[in-house]
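Numbering (this note's numbering), first residue to last: 1 to 147.
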């Protein structure tokens, strides 16, 4: 599954509605609301959790994934050492990361592309990507809206 920085993952584009996603992947294995009334779809086969933002007309705005098939710029990420992933990303100009620690986990956040690599024991175990917020402080939706 290809990660498309600033756009989404695989065939998913930020700004899609729930019916756009189910047309591609079918019904989710789990469908629930979080504490902010956002709708969450979970797909076991793809190891993905999708968040549709309630305050943004339930548009797809965030994806958390842990599939071993995930790749960015042709580089696999899950199960690899974060140092190696960062070296690969540097060849594509992605070098700035904010690092946070939680117990045995560490997050490496790149704000420009709104991506997070979560590691445990220096190995990438989870990936997160969110819709970009533009300089007008609005989401930069990638999926064309129907008029």
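Where a beta carbon is used, it is the ideal one built from N, C-alpha and C, also for glycine. As the structure is a prediction and not an experimental result, all values here were calculated from the model.
query: Just reading off the beta strand (DSSP E) that residue 50 is part of, what are its end residues?
result: The count along the chain shown starts at 1 and reaches residue 50 at position 50. First-last of the beta strand (DSSP E) with residue 50: 48-53.
task: Output yes or no for whether 8 Å exceeds the beta carbon distance between residue 64 and residue 128.
output: As a working note, residue 64 is residue 64 in the chain shown. As a working note, residue 128 is residue 128 in the chain shown. Cβ distance < 8 Å, so residue 64 and residue 128 count as in contact.
task: Determine the DSSP secondary structure at residue 158, reduced to helix, strand or coil.
output: Summary: the structure shown does not reach residue 158, with the chain confined to residues 1 through 147, and so no result is reported for it.
task: Take residue 22 as the anchor and find which of 8, 50, 3 and 33 has the nearest alpha-carbon.
output: If you number the chain shown from 1, residue 22 lands on position 22. When C-alpha distances from residue 22 are compared across 8, 50, 3 and 33, the shortest belongs to 50.
- request: Would you mind working out which of 142, 91, 137 and 10 sits nearest residue 69, comparing C-alpha positions?
  value: Counting from one through the chain shown, the residue named residue 69 turns up at place 69. Measuring from the Cα of residue 69, the nearest candidate turns out to be 10.
Secondary structure of residue 107, DSSP reduced to three states: In the chain shown, the residue the question calls residue 107 occupies position 107. Strand at residue 107.
- prompt: Do residue 14 and residue 60 have their C-beta atoms within less than 8 Å of each other?
  reply: Indexing the chain shown from 1 puts residue 14 at position 14. Indexing the chain shown from 1 puts residue 60 at position 60. Going by C-beta atoms, residue 14 is nearer than 8 Å to residue 60.
message: Starting from residue 87, trace the beta strand (DSSP E) in both directions and tell me its first and last residue.
response: Walking along the chain shown from the start, residue 87 turns up at place 87. For residue 87, no beta strand (DSSP E) segment is defined; the enclosing uninterrupted segment is the alpha helix (DSSP H) at 82-90.
- request: Using a threshold of 8 Å, state whether the C-beta atoms of residue 52 and residue 77 are closer than that.
  value: Taking the chain shown and counting its residues from 1, one reaches residue 52 at position 52. Taking the chain shown and counting its residues from 1, one reaches residue 77 at position 77. No, Cβ-Cβ distance for residue 52 and residue 77 is not below 8 Å.
task: Just the C-alpha distance for residue 122 and residue 87, rounded to the nearest angstrom, thanks.
output: As a working note, residue 122 is residue 122 in the chain shown. As a working note, residue 87 is residue 87 in the chain shown. Within the model, the alpha-carbon separation for residue 122 versus residue 87 is close to 14 Å.
query: With residue 92 and residue 73 assumed to form a contact (beta carbons below 8 Å), what rounded beta-carbon distance in angstroms separates them?
result: Here residue 92 is taken as the residue at index 92 of the chain shown, counted from 1. Here residue 73 is taken as the residue at index 73 of the chain shown, counted from 1. That pair is a contact at about 5 Å.
- request: Can you tell me the Cβ-Cβ gap for residue 94 and residue 107, rounded? I've got them flagged as a contact below 8 Å.
  value: Reading the chain shown from its first residue, position 94 is the one you call residue 94. Reading the chain shown from its first residue, position 107 is the one you call residue 107. For a cut-off of 8 Å, the C-beta gap from residue 94 to residue 107 is around 15 Å, too long to register as a contact.
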